[in-house]
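Comments concern the structure below.
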Amino acid sequence: MKHSVLLAVSIAALGLAGCSKKAETPVADSSPAASDVSLTPPVAATPTSPGQAFADTAAASDAFEIQSSKLAATKAQSAKTKHFAEEMIKAHTDSTAKLKTASAAASPAITPTPTLTAAQQQTLDDLSSKSGADFDRAYADAQRAGHQATLDALKAYSATGDVPSLKTFATELVPIVTAHLNMAKGL
């Protein structure tokens, strides 16, 4: 359930980012009562571009993988799980650097925000409360779900992305994340 929520949130973030609605400008009322009221139009929030939404999703994915894998370094029982976690820390640190480079190459430049989703934070909180074999099982489940959600987001942006440098980043990461997902399935 948690994992499907994570996937749904990630996909929804990418989908919603593409939907922007222009704010309507209010029409001033010329009645006497209206002149007593300040008619300051509401300030509309700047819509997030699809490129920014993707960069944020990718940054949050990397942050989640690094944080959950750092937990595995101390809480996991299995040597295989600990080894996988070490590899994920390295790989997702590299991915973050590549994401920053691709985002900076965008015009205008994009700054990825690695804010975890509520589902990612909940998963981290759950992992924090576990240890040993219980941790290993929960971590493996989280890794499979997280990598599947990331792979889905990468494939989607690779196919329909609006920022060439981020589209290239997504395309290049698909085989890497596929390999990580396959490794996670073997935990």
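Note that the sequence shown covers residues -22 to -1, 1 to 165 in mature numbering (1 follows the signal peptide of the UniProt record, and there is no 0).
We put the beta carbon where it would ideally sit given N, CA and C, even for glycine.
Asked: Could you give the DSSP three-state label for alanine 111: helix, strand or coil?; Found: helix
Asked: Once you ignore the five residues that flank serine 39 on each side, which residues in its own chain have a CB closer than 7 Å to its CB?; Found: Gly124 and Thr128
Asked: Do isoleucine 67 and glutamine 30 have their C-beta atoms within less than 8 Å of each other?; Found: no
Asked: Do you know offhand how far threonine 138's Cα is from alanine 41's?; Found: 24 Å
Asked: Between the alpha carbons of arginine 122 and histidine 61, how many angstroms are there, rounded?; Found: 16 Å
Asked: Please go through the same chain and pick out, in chain order, the residues whose beta-carbon is closer than 6 Å to the beta-carbon of lysine 53, but skip the five residues on each side of it.; Found: Ser109 and Phe113
Asked: When you compare each of Phe147, Ala116, Thr79 and Lys163 to alanine 50 by their alpha carbons, which one comes out closest?; Found: Ala116
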